[in-house]
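Structure first, commentary second.
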Amino acid sequence: MDRSVAAIALTCLGIALSSVAVAQTVRQDNNTLPGQERALSVAPGSVQPTRGVVFLTAAINSDGSIAGCFGCNTANTKRLGAGIYQIDFGHNVQAIKGWSRWVQADTLTIGAENAWCNTADRAGNDNAVWVNCQTSSAPVDASFFLFVAR
Numbered sequence: 002m003d004r005s006v007a008a009i010a011l012t013c014l015g016i017a018l019s020s021v022a023v024a025q026t027v028r029q030d031n032n033t034l035p036g037q038e039r040a041l042s043v044a045p046g047s048v049q050p051t052r053g054v055v056f057l058t059a060a061i062n063s064d065g066s067i068a069g070c071f072g073c074n075t076a077n078t079k080r081l082g083a084g085i086y087q088i089d090f091g092h093n094v095q096a097i098k099g100w101s102r103w104v105q106a107d108t109l110t111i112g113a114e115n116a117w118c119n120t121a122d123r124a125g126n127d128n129a130v131w132v133n134c135q136t137s138s139a140p141v142d143a144s145f146f147l148f149v150a151r
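Residue numbers (this note's numbering): 2 to 151.
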């Protein structure tokens, strides 16, 4: 009896956990320069190591304006399109050079932001970080906080 109850409980848990993964909507790659292929992986050992010390930060409003930043090039920091932003720091901040980035959708005030964001090197601008914010269905303008460390 005890074994059958445990087996049923484990089976239910396995079903619940396996259904958590949800596929994201495929969207156009708008951070790759025309004529270039999207890089899917980086060769092992080719990225310079990072110690995780934060050197640069940016708090960006959903319209792309800068709420606050440390080390930003304000003239080149902007919203590029719905949910797409460029944050320029005035010097090479590429991942391959050892820079790591953390981005968090954030209201920058009270409440909750119903979005998530990710980062990448900005195609065509080694000094900038490309940020994409979205919901489960589409890109969305969202305020966020970005940390850049090395």
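By construction, the Cβ of each residue, glycine as well, lies at the ideal position given by its N, Cα and C atoms. Note that the structure is a prediction, hence the values are computed from the model and not measured.
I'd like the span of the beta strand (DSSP E) that includes residue i, first residue to last.
{"i": "Ala-129", "result": "129-135"}
{"i": "Cys-70", "result": "67-71"}
Alpha carbon to alpha carbon, how far is residue j from residue i? Give it in angstroms, no decimals.
{"i": "Gly-82", "j": "Asp-142", "result": "8 Å"}
{"i": "Thr-78", "j": "Pro-45", "result": "31 Å"}
{"i": "Arg-151", "j": "Gly-72", "result": "14 Å"}
{"i": "Gly-84", "j": "Ser-137", "result": "13 Å"}
{"i": "Val-94", "j": "Asn-126", "result": "10 Å"}
Is any heavy atom in the ligand GTP found nearer than 7 Å to the beta carbon of residue i?
{"i": "Ala-150", "result": "This structure lacks the ligand GTP, and indeed carries no ligand of any kind."}
For residue i, I'd like the list of residues in its chain whose CB is within less than 6 Å of its CB, leaving aside the five on either flank, ordered along the chain.
{"i": "Thr-104", "result": "Inspection of the sequence shows that residue 104 is occupied by Val rather than by Thr. For Val-104, where only same-chain residues beyond five positions count, the Cβ hits under 6 Å are Cys-118, Thr-120, Val-132, Phe-145, Leu-147."}
Which residues in the same chain as residue i place their Cβ atom closer than 8 Å to its Cβ, once the five residues preceding and following it in sequence are excluded?
{"i": "Asp-107", "result": "Ala-60, Glu-114, Ser-144, Phe-145, Phe-146"}
{"i": "Gln-49", "result": "Ile-97, Lys-98, Gly-99"}
Looking at residue i: is its Cβ nearer than 8 Å to the Cβ of residue j?
{"i": "Arg-123", "j": "Ala-116", "result": "no"}
{"i": "Ile-64", "j": "Asn-74", "result": "Before going further, note that residue 64 is Asp rather than Ile in the sequence given. Their beta carbons are not under 8 Å apart, which means Asp-64 does not touch Asn-74 by this criterion."}
Give me, in chain order, the residues of the same chain whose beta-carbon lies closer than 7 Å to that of residue i; leave out the 5 immediate sequence neighbours on both sides.
{"i": "Gly-53", "result": "Ser-101, Ala-150"}
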